[in-house]
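Laid out in structure tokens, this is it:
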């Protein structure tokens with residue numbers, strides 16, 4: 001894996017996230033900076049050239065009373081946070097972490113054309129609470145919004161629905177989402193509860209919760225952050241921030257039980273994650289808390305999902321990489337919050353006493369100490385296959401995979417357990433069964449699990465019944481079962497998972513059927529490239545900011561003014 005075009009330049013003060021328009025071949029970056037006070041006096045939505053990283057246009061963001069600081073006579077910006085580009089409707093959807101709302105901006109004019117914000121309601125009375133990420137479902141076109149809870153928005157009717165978030169979860173905070181296209185399952189990382197929540201992407205009902213246990217040390221928070229589901233490989237990945245450097249890294253999880261299938265340590269605070277589905281690559285950033293604590297702060301790992309291996313590290317900024325976006329040419333843009341560029345002059349700032357725009361390099365707020373305005377690093381790079389070198393080609397088996405089925409053992413109780421099994425098994429191979437919430441009693445004791453094939457008629461190693469006892473911490477499980485030697489392609493068989501043989505245990509049983517197919521693994525040509533040092537980004541000159549609110553046409557070059 002080679003890295004090319006690794007460069008960085010001055011971005012925006014308070015930049016948070018970014019979104020890419022394939023139709024327009026443009027990048028859009030959100031900006032909201034508190035500056036001298038907790039209110040937001042510096043803010044914009046910027047259009048950026050995806051190759052040069054030059055800022056082409058900056059939007060005027062709506063101004064509202066500063067009610068949260070109990071100074072309604074003062075003014076502040078709405079605060080753009082999450083971004084997704086809707087090329088079908090020529091819109092940019094933006095979440096607002098200050099007023100707890102979602103807004104739509106015209107992609108051509110960068111003017112707001114719709115918002116969920118209700119000015120007559122307090123923040124905790126808004127329909128959407130603490131919104132963060134926003135994404136478009138490619139099948140239905142509906143928008144998914146994470147936050148304190150989970151929401152969907154119909155882009156045509158603007159109807160907002162709350163998803164069936166688990167009851168009694170008070171510390172929950174949804175971060176990022178991934179979609180399983182085949183099963184129509186939406187996976188959501190919950191930073192507050194150390195879980196991945198699974199929803200039906202069509203009915204919005206909660207199906208199950210996957211507890212993410214620390215791979216380095218149990219009992220230490222994992223704090224799941226980014227997430228990706230690789231549909232071609234059938235793999236579920238998360239990035240976990242961990243705590244004080246412990247449990248931070250890249251996790252592969254069982255999508256039915258949450259069991260950690262693989263773990264790769266990376267950085268001190270593994271956060272932002274972007275997924276290149278076509279090439280089976282993940283890009284994972286180490287946010288880091290300071291340059292001294294983490295040598296990897298400001299690094300982005302290029303992770304090969306076929307091998308579960310970091311194949312390259314790219315240094316994109318001094319620290320605090322907050323968001324990653326993959327562009328149309330396969331390049332990756334990193335949005336950092338490192339405050340590298342001091343004394344930055346901007347005109348997308350308001351005087352909080354009047355709400356009027358004013359150009360400044362210092363932010364001031366009544367009763368607060370003035371602070372210099374600083375901008376952050378915006379960078380990009382491209383990871384390219386190195387090609388096949390003589391003597392370096394190897395054959396990697398890509399095992400045949402089949403879609404899975406997950407069902408409730410009982411659907412008339414709040415304590416329903418789940419069982420998962422494949423819809424197809426392969427002759428001469430193994431298959432995996434799994435389950436969650438197999439407990440009984442007030443103390444939620446783990447059940448003893450019994451597995452039979454064809455009601456005990458089919459045997460594995462001479463046994464028609466297999467029993468295994470779960471440990472006290474193992475209320476969810478996965479087990480590999482050998483396919484009996486006499487099972488032939490084209491036949492239909494069944495597996496039954498049950499409990500209740502132990503005194504006091506709850507009696508539960510569920511039978512799932514599947515077909516047997518011939519095993520036909522694929523082979524992938526791969527090139528093993530010797531490890532190289534971390535790639536460093538090259539600084540390129542900053543071109544300046546255009547005048548706020550003056551948005552040139554998408555094909556017109558902007559007039560910019562340097563500091």
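In UniProt numbering, the protein residues as written are 1 to 563. Backbone N, C-alpha and C fix where the C-beta goes; we use that ideal spot for every residue, glycine too.
The bridge partners DSSP lists for residue 132 come to none.
Of 4, 14 and 251, the smallest CA-CA separation from residue 363 is found for 14. Check the Cα spacing between residue 194 and each of 260, 507 and 45: the tightest is with 260. The closest CA to that of residue 80, considering only 499, 55 and 110, is found on 110. About 6 Å separates the Cβ atoms of residue 464 and residue 452, confirming a contact at the 8 Å cut-off. If you check the CB distance, residue 277 and residue 230 come in under 8 Å. Restricting attention to 327, 373, 417 and 286, the CA atom closest to the CA of residue 340 is found in 373.
A distance below 6 Å between beta-carbons, with the five flanking residues on each side excluded, links residue 163 to the following residues of its chain, in chain order: 150, 199 and 204. The DSSP assignment places 270 to 276, 281 to 286, 299 to 304, 309 to 315, 321 to 326 and 332 to 336 as complete runs of the beta strand (DSSP E) inside the segment 266 to 338, in order along the chain (cut-off: 3 residues). Separation of the CB atoms of residue 102 and residue 153 is rounded to 6 Å, and the pair is thereby assigned contact status at 8 Å. In the three-state reduction of the DSSP assignment, residue 125 falls in the helix class, which pools H, G and I.
For the pair residue 328 and residue 20, the CB atoms are nearer than the 8 Å cut-off. Our two residues, residue 244 and residue 269, have alpha carbons roughly 8 Å apart in a direct line. Rounded to the nearest whole angstrom, the CA to CA distance from residue 298 to residue 285 is 7 Å.
Under the DSSP assignment, residue 41 falls outside any beta strand (DSSP E); it carries neither an H nor an E label. At least 8 Å separates the beta-carbon of residue 32 from that of residue 371.
Only exposed fits residue 359, as fewer than 16 other CB atoms lie within 10 angstroms of its CB.
Taking the Cα positions, residue 23 is about 18 Å away from residue 55. The Cβ atoms of residue 418 and residue 436 sit closer than 8 Å to each other. For the 8 Å CB-CB criterion, residue 249 and residue 263 form a contact. Shown here for residue 331: same chain residues with a beta carbon closer than 6 Å to its own, the five before and five after excluded, namely 380 and 382 in chain order. As the crow flies, the alpha-carbon of residue 7 is around 34 Å from that of residue 196. Residue range 224 to 230 is occupied by the beta strand (DSSP E) that includes residue 224. Closest option to residue 350, judged by alpha-carbon separation, among 180, 280, 46 and 64: 64. Of all alpha-carbon atoms in 429, 76 and 121, the one lying nearest the alpha-carbon of residue 41 is that of 76. For residue 210, the beta-bridge partners assigned by DSSP are 196. Of the candidates 510, 539, 511 and 493, 493 places its Cα closest to the Cα of residue 517. Within its own chain, the residues whose Cβ lies closer than 8 Å to the Cβ of residue 252, once the five positions on either side in sequence are excluded, are 235, 236, 237, 260, 261, 262, 263 and 308, listed in chain order. With fewer than 16 neighbouring CB atoms inside 10 Å of its own CB, residue 125 falls in the exposed class. Counting only runs of at least 3 residues, the segment 9 to 86 fully encloses the following beta strand (DSSP E) elements, listed from N- to C-terminal order: 15 to 21, 26 to 33, 42 to 48, 55 to 58, 63 to 66, 71 to 77 and 80 to 86. A check of alpha carbon separations from residue 303 across 280, 319 and 28 identifies 280 as the nearest. When DSSP reads this structure, residue 380 sits in a beta bridge with 7 and 333. Between residue 97 and residue 130, the C-beta spacing is below 8 Å.
A residue is called buried when at least 16 other Cβ atoms come within 10 angstroms of its Cβ; residue 18 meets this threshold and is buried.
Just so you know, the alpha carbons of residue 361 and residue 378 end up roughly 19 Å apart.
Separation of residue 535 and residue 9 (C-alpha to C-alpha, rounded to the nearest whole angstrom) is 16 Å.
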